[in-house]
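Report on one structure; see the data block that follows.
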Amino acid sequence: MAYFRSFNTPPPDPAVLKELTRKQNEMQQRIILQRPDFDLKLIAGCDSSFIGEDKILSVFVLLRYPELEVVEKVWHHGPVELPYIPGFLAFREAPNLLKAYEKLQQKPDLVMVDGHGISHPRRLGIATHLGLHLNKPTMGVAKKVLVGKYTEPATAKGALSPLVYKDEVIANVLRTKDNVKPVFVSPGHLMDLESATEIAMTCAIKHKLPEPTRLADHYAAVFKQEVK
DNA sequence: GCGACAG
DNA sequence: ATCTTGTCGC
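Our numbering numbers the first residue of the first sequence as 1 and each following residue consecutively.
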């Protein structure tokens, strides 16, 4: 990966990775995957951007559902300690994301995260990680696969195919727009694959990324300029 | 041992 | 993620 091909990024400490892996295996036991019982009125989207290599800026956008009108947007920036390591993204981004979340005046019924949910080696993608910390329904929408195998879904919007890992369907590869690369939708915590897929599709209006994460991504770039 | 590898 | 120009298409 990039970290051992790069000259300036320190290689991950084996002892640290062992500890973080232990933590994920521990958290894994608390994951609850079920159809949410809420009636979705407010949905949040979150994403982070980086300023240099040691500062992170996280954004949370709150939208009314299913209208998808923005009702609130907050951000928080701070230092980042760990380098990016595949499989350990949450330990790098979650701390700052949680601080941004606290700034929301109203809390969402569901959080859509830019990244994977249970479609992770130990089922602990950043969406699941955040869900456990917030004790709130979360789902992940990633742009690239992390683990698992799948066949390319049809090119029409709405087409999907399962992402399978260790004989289990951990996400749906969903085409959210005609002839555009699909996204990977997975449940995070207190959520199930079917509901997550349906919500992702409902939020995908005219772009590849569903509105919550698309707008979070957009504002992350906007706020980043204000900070600079 | 050889690849793969979210953001 | 980030570094970066023009360019093709709706």
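Beta carbons: idealized from backbone N, C-alpha and C, even for Gly.
Look at the stretch 112-196 and you find these whole runs of beta strand (DSSP E), each 3 residues long or longer: 138-142, 160-165, 168-174 and 183-189. Inter-residue distance for Lys18 and Lys55 is about 25 Å (C-alpha atoms, whole angstroms).
Per DSSP, the unbroken alpha helix (DSSP H) holding Ala100 starts and ends at Leu89 to Glu102.
For Ala94, the CB contacts under 8 Å within the same chain, skipping 5 residues up- and downstream, are Ile126, His129, Leu130 and His133 in chain order. For Ala15, the enclosing alpha helix (DSSP H) stretches over residues Pro14 to Gln28.
In the three-state scheme derived from DSSP, where H, G and I count as helix and E and B as strand, His218 is classed as helix. Boundaries of the beta strand (DSSP E) around Leu62: Lys55 to Arg64. Glu194 counts as exposed, since fewer than 16 other C-beta atoms from the protein chains shown sit within 10 angstroms of its C-beta.
The continuous stretches of beta strand (DSSP E) do not include Gly52, and DSSP gives it neither H nor E. Asp109 is positioned such that its CB atom lies closer than 7 Å to that of Leu42.
Of the other Cβ atoms in all chains shown, fewer than 16 fall within 10 Å of the Cβ of Thr151; this residue is therefore exposed. Ranking Leu57, Thr176, Pro153 and Lys136 by CA distance to the CA of Met191 puts Lys136 first. For Tyr219, the closest of Gln29, Met27, Val70 and Arg22 by C-alpha to C-alpha distance is Val70. Straight across, the Cα-Cα distance linking Ile31 with Ile170 is about 13 Å. A straight line joining the alpha-carbon of Ala159 with that of Ser119 spans about 19 Å.
Shown here, Ile199 sits in a helix according to DSSP, grouped into three states.
By DSSP's assignment, His77 forms a beta bridge with Leu57. The three-state secondary structure of Glu67, taken from DSSP, is coil. The Cβ atoms of Met139 and Pro187 sit closer than 7 Å to each other. Ala221 is classed as exposed because its beta carbon has fewer than 16 other beta carbons within 10 Å across all chains shown.
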